[in-house]
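As given, the protein sequences belong to chains U and A, one line each in that order. Okay, so the first sequence: first residue is 0 according to numbering that gives the first Met the number 0, each after it adds one. Okay, so the second sequence: first residue is 0 according to numbering that gives the first Met the number 0, each after it adds one. For every residue, glycine included, the Cβ atom is placed at its ideal position computed from N, Cα and C.
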Amino acid sequence: MKNYFLKTTSVAPLVIFRIGLGAMLFIGILRFWFNGWIEGLYITPKYFFPYYGFEYIVPLGSYTYILFFICGLSALFVAVGFYYRLSIVTLFLSFTYIELIDKTTYLNHYYFVSMICFLMIFMPAHVYFSIDAYRNSTLRANKIPQWCIDSIKLFVCLLYFCAGLAKINSDWLLHAIPLKIWLPARNDMPVIGFLFNYSWIHFLFSWFGCLYDLSIPFLLWNKGTRVVAYIFVILFHVLTSMLFPIGMFPYIMILTALIFFPVEFHQRIIQFIQRFIPGSRNPIESDATFIYSKVQQYFVKGIIFTFFVVQLVVPFRFICYPGELFWTEQGYRFSWRVMLMEKAGYAEFTVKDASGKYLIVNNEEFLTKQQEKMMATQPDMILQYAHILADYYSVHGFKDPMVFADVYVALNGRLGKAMVDTSVDLAKEKESFGHKSWIILYNE
Amino acid sequence: MRFVSVKLLALLCLTALTISCKNDPKHPIPPAGTDSDRGLMLTNIADNIVIPAYANFNAKLTIMITKSDAFIANPNPTTLTEYRTAWKDAYIAWQKVALFDFGPALDYTLSSFMNVYPTNVTTINANIASGTASLETFASYPAQGFPALDYLLNGIAATDADIVTLYTTDADATKRKAYLLQLTNQMRTKFDVVNNAWNGSYRNTFVASTGTGLYSSTSLMVNGIVFYYERYLRSGKFGIPSGAMVNGTLLPGSVEAYYTKDIAKTLAQTTHQAFVDFFNGKGFTTGIEGGSLKTYLNSLNAKDATTQVLLSETINTQFDVVNAKLALLSGEDLSNEVSTNNAAMIAVYTELQKAVRMLKVDMTSATSITITYADNDGD
């Protein structure tokens with residue numbers, strides 16, 4: 000073990016990863032900006048759904064554009080390695096801040112980006128082929144501790160493996176649900192569309208998806224299977240990006256998987272890029288090895304160790320809650336459950352008070368379509384919304400308003416059912432990490 | 000090592016193939032070219048439902064406008080009666096097209112100009128007095144269309160003779176007649192834009208957009224008709240007047256066709272039946288069922304996992320329940336129903352609400368259509 004921590008390797012894979020990550024996020028921010036999503040997702044809504052414990056994260060109104068600007072700029076700086084430490088910390092903080100504003104926009108790959116940015120804060124990704132290294136010769140090194148690169152690989156493995164484990168359930172494997180629901184909706188795709196009408200294709204995709212997630216980290220890590228595995232990575236992610244509205248995720252994963260490739264491969268990419276940069280030096284600038292100081296080393300190793308312990312525990316926290324996870328979603332997020340279920344809901348709220356006054360809420364007056372859609376299937380958001388309503392109506396004609404929710408949810412093609420006990424006044428229920436007793440558990 | 004790994008990879012793929020090939024042969028999904036082809040559904044809906052239903056409404060509207068012109072030229076009890084009859088026929092025909100709240104009708108917000116009720120008598124009187132009021136403003140929506148005509152033909156005075164007087168010898172008679180003309184001109188103009196679009200290039204646009212994404216025809220159509228069912232049928236016709244949605248406050252004046260008293264139940268039944276026929280793909284003139292949301296849902300084999308009942312059957316059964324509750328309404332005068340027999344109104348509302356859930360949740364989920372923009376990794 001001690002020997003392992005003394006091992007060093009070329010910095011090249013980490014450098015390529017830094018450039019790729021920064022560039023991808025920069026493009027991602029531009030895409031968000033030009034699609035009008037900053038306005039649509041963070042400025043237009045009147046109310047937001049912050050995360051439990053992060054309620055102090057509030058939207059910034061029109062200043063949100065500045066936040067995105069800072070985020071995009073720091074991504075660009077990370078890519079070119081300019082004031083790297085400052086830039087990656089800024090990138091991590093600004094990106095994470097944006098993601099924490101509203102649960103509605105939660106996506107596993109945003110969480111992945113946040114976490115990978117966090118890891119990259121502690122990585123010496125700027126000691127080579129960066130503006131920092133160009134300007135400061137004492138910084139230059141072309142060898143770094145091997146565990147730096149391995150920790151990124153490990154994180155990627157964990158992600159895929161958890162995603163695969165989550166697919167081992169009867170709906171996915173024995174009924175090919177939700178792909179059986181989603182694929183026929185794409186049957187007008189050119190060339191291959193007609194295939195999506197066939198049941199065996201749904202099963203093929205389901206089983207392939209599950210085995211892919213479970214095995215791809217090992218196949219990538221193993222030299223003999225790496226190239227084949229990478230072809231699969233590309234095919235798999237390109238196909239998913241054509242089939243489903245999952246944005247940048249496929250491209251981020253295609254890029255991330257490159258980290259498994261050997262040093263020479265990355266060295267060649269660097270040489271290739273250098274051709275376009277006039278006056279850039281020979282890549283072999285230094286034989287130095289980047290070494291963390293003793294204090295740094297304890298600190299960084301401690302953080303990375305803690306990081307992985309948390310990452311191992313968090314996806315399995317759902318075991319602590321009663322009931323069907325897909326139904327209650329208690330412990331669903333931050334667990335690499337990607338494209339796992341087809342869930343739709345309809346939530347109708349009644350506000351009442353002791354005088355007998357009542358009204359049925361028009362959700363459109365409070366929420367955007369996207370927020371309403373997400374809220375209607377996720378109990379913690381239902382509770383937050385009930386409190387938004389209680390606060391609003393307590394100053395709009397109701398005395399100590401009570402809020403009742405009638406929520407009808409369909410999960411994975413089963414006929415819809417009631418999800419919330421309609422006799423419970425949600426205005427009196429508090430958010431916590433505990434089980435929400437007002438959820439009607441799913442019995443099959 | 001290298002070989003072992005390659006073999007392992009091959010083995011994994013083979014396993015996947017083998018297992019996936021022995022899937023349930025009992026429920027094969029029909030291949031494209033049959034019911035799972037959204038293009039066929041859209042074609043049937045466009046050619047056999049929407050376009051003929053609009054043509055029918057167009058004919059009734061034309062007759063109504065002719066009768067209106069006759070009444071304006073010579074207001075008397077006979078022309079008034081004929082105008083009322085034509086107005087009713089056109090109003091009933093409107094109930095068969097109002098649900099097409101997608102495509103041109105949505106783009107041009109046709110329903111805002113045709114059927115916003117309760118009508119606003121104050122605004123109508125102000126518009127008549129001014130003689131130059133714009134009908135394009137938000138504030139003027141409740142002062143035009145069928146509900147405004149309802150007031151002007153049925154509610155403006157107590158007896159037919161008094162009504163005719165207001166259009167003949169009354170000081171504002173000329174202005175009132177001018178407003179009647181303005182109203183029918185507006186209905187003509189607004190409807191023609193939509194009707195011409197369907198008879199022009201939009202039909203092909205609609206049929207060709209076979210995807211399920213955000214702006215695809217299937218998505219627009221499902222969102223449009225479900226919104227209609229929820230907002231205009233459930234809330235507008237029953238939820239609001241019955242007080243089911245606010246404090247139990249009865250609003251008998253908020254029913255559709257408030258002034259005429261003898262048509263509201265028929266309007267509600269007509270629009271509900273039109274919706275049922277739309278769902279089942281029943282040709283407007285032919286009466287023959289074709290590609291529809293029902294056949295599409297069946298082709299997807301959408302059914303409840305526990306009971307194995309087809310979703311389309313579950314939905315149709317609920318439609319039957321709604322129809323039964325509608326039949327139980329004691330008379331055409333729904334404002335009277337609100338005042339004297341509101342439980343029957345609430346009963347209709349409650350059953351409509353159950354249907355809304357099925358349409359909005361079960362059907363939308365089964366068809367996997369996109370409702371919102373932004374990325375999604377599967378909830």
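Item to check | Beta-carbon proximity list for Lys324 of chain A, same chain, < 7 Å, skipping 5 on both sides | outcome: Ala346, Val347, Glu350
Checklist entry - Among A:Gln268, A:Asn222, A:Leu358, A:Phe205, which residue has its Cα nearest to the Cα of Ala92 of chain A? => result A:Gln268
Checklist entry - Can you find a C-beta in chain A that's less than 8 Å from the C-beta of Ile251 of chain U? => result no
Item to check | Helix, strand or coil at Val275 of chain A [DSSP, three-state] | outcome: helix
Item to check | Proximal chain A residues relative to Asp187 of chain U, where beta-carbon distance stays under 7 Å | outcome: Arg37, Thr209, Gly210
Next on the checklist: Using the three-state DSSP reduction, which class does Met374 of chain U fall into: helix, strand or coil?
Outcome noted: helix
Item to check | Listed by chain order, chain A residues near Tyr407 of chain U by CB distance under 7 Å | outcome: Arg356, Val360
Checklist entry - Mind checking whether Val232 of chain U and Ile251 of chain U have CB atoms under 8 Å apart? => result no
Checklist entry - Nearest to Leu60 of chain A by CA position, among A:Leu134, A:Leu358, A:Arg187, is which residue? => result A:Arg187
Next on the checklist: If we define contact as Cβ-Cβ less than 8 Å, is Ile180 of chain U a contact residue for chain A?
Outcome noted: yes
Checklist entry - Going along chain U, which residues have a C-beta under 8 Å from Val245 of chain A? => result Tyr357, Leu358, Ile359
Checklist entry - For the putative contact between Asn57 of chain A and Asn195 of chain A, defined by C-beta atoms under 8 Å, what is the C-beta separation to the nearest angstrom? => result Asn57 of chain A to Asn195 of chain A, Cβ: 10 Å. No contact.
Item to check | CA nearest to the CA of Ala165 of chain U, picked from U:Ser198, U:Ala184, U:Leu213 | outcome: U:Leu213
Checklist entry - Listing by chain order, which chain U residues have their CB less than 8 Å from the CB of Thr363 of chain A? => result Ala343
Next on the checklist: Here's a check: name, in chain order, each residue in its chain whose Cβ is nearer than 6 Å to the Cβ of Arg37 of chain A, leaving out the five neighbours to either side.
Outcome noted: Thr209, Thr217
Checklist entry - Could one say the Cβ of Leu24 of chain U lies closer than 8 Å to chain A's Cβ atoms, at least one of them? => result no
Checklist entry - For Ala353 of chain U, which residues in chain A fall below 8 Å Cβ to Cβ? => result The contacting residues do not exist; Ala353 of chain U stays about 14 Å from chain A at best.
Item to check | Neighbour flag for Ala301 of chain A against chain U, beta carbons, 8 Å | outcome: yes
Checklist entry - Just how far apart, CA to CA, sit Phe101 of chain A and Ile224 of chain A? => result 7 Å
Item to check | Contacts of Thr313 of chain A in chain U (Cβ-Cβ under 9 Å) | outcome: Leu414
Checklist entry - Which whole runs of the alpha helix (DSSP H) in the region 170-238 of chain U are 4 residues long or more, in chain order? => result 178-181, 198-220
Item to check | Cross-chain neighbours of Thr108 of chain A in chain U, by beta carbon under 7 Å | outcome: What Thr108 of chain A touches in chain U: nothing, since even the nearest Cβ is about 16 Å away.
Checklist entry - Contact check, Ser282 of chain A vs Ile50 of chain A under 8 Å by CB: the rounded distance? => result The sequence given here places Gly at residue 282 of chain A; Ser does not occur at that position. About 11 Å separates the two Cβ atoms, so there is no contact after all.
Checklist entry - So, helix, strand or coil for Ala385 of chain U, using DSSP? => result helix
Item to check | Residues of the region 135-158 of chain A whose Cβ lies closer than 9 Å to any Cβ of chain B, in chain order | outcome: As a matter of chain content, chain B is missing from the structure shown, whose protein chains are U and A.
Checklist entry - By Cβ distance below 8 Å, which residues in the same chain neighbour Leu153 of chain U in space, the five residues on each side in sequence not counted? => result Phe307
Item to check | Cα-Cα separation, Ala247 of chain A to Tyr166 of chain A | outcome: The residue you asked about is not Ala; residue 247 of chain A is Gly in the sequence shown. If you take the alpha carbons of Gly247 of chain A and Tyr166 of chain A, they lie about 39 Å apart.
Next on the checklist: What I want to know is whether the C-beta of Phe432 of chain U ends up closer than 7 Å to one or more non-hydrogen atoms of the ligand FMN.
Outcome noted: Questions concerning the ligand FMN fall outside what the structure shown contains, since it holds no ligand whatsoever.
Checklist entry - CB-CB under 6 Å to Ala172 of chain A, same chain, minus the five flanking residues each way: which ones, in chain order? => result Tyr166
Next on the checklist: Just list the residues that DSSP pairs Gly344 of chain U with in beta bridges.
Outcome noted: U:Val408
Checklist entry - Does the beta carbon of Thr366 of chain A come closer than 8 Å to any beta carbon on chain U? => result yes
Checklist entry - Going straight from the alpha carbon of Ile143 of chain U to that of Pro123 of chain U, what length do you get? => result 7 Å
Checklist entry - Is the Cβ of Pro183 of chain U closer than 8 Å to any Cβ of chain A? => result yes
Item to check | Cβ-based neighbour list, Leu382 of chain U, same chain, cut-off 8 Å, excluding 5 preceding and 5 following | outcome: Leu425, Glu428, Glu430, Lys435
Checklist entry - Are any of the Cβ atoms in chain A nearer than 8 Å to that of Asn196 of chain U? => result yes
Item to check | Spatial neighbours of Leu92 of chain U in its chain, beta-carbon cut-off 8 Å, leaving aside the 5 residues before and after | outcome: none
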